[in-house]
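In terms of the numbering used here, the sequence shown opens at residue 1475 and continues consecutively.
All C-beta atoms, glycine included, are put in the ideal place defined by N, C-alpha and C.
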Amino acid sequence: MNSVRCPICSKPMPGQATEWPDYPFCSPKCRKIDLGRWLGEKYRVPGDDQSKPEDTSKDDESP
C-alpha cells in the first residue's frame, strides 16, 4: 500500500484520504503554511508573461 506524504513536512499519511480532514496536508498547521506560501507568492502558476492591462475605462472622460 502506497502512503501519501504531506507536501509540506513529508510526514507519511497512512490510510484513506477521507480519514485526514486537512488532506492533502497532515495538519491545520501545514495547511496554513501552504496558504502563507501562496499568499507570499512563493508559488506561481506557470503562464505567459503579460503586462498589466491598461485602464481603458472611459469613466473620467467627458463627452
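Kindly indicate which three-state DSSP category R1479 falls into: helix, strand or coil? strand
Under 8 angstroms: do the region 1486-1496 and the region 1506-1515 share three or more Cβ pairs, one atom per stretch? no
From the DSSP output, read off the bridge partner residues of P1486. R1479
Quick one: Cα of C1480 to Cα of V1519, how far? 20 angstroms
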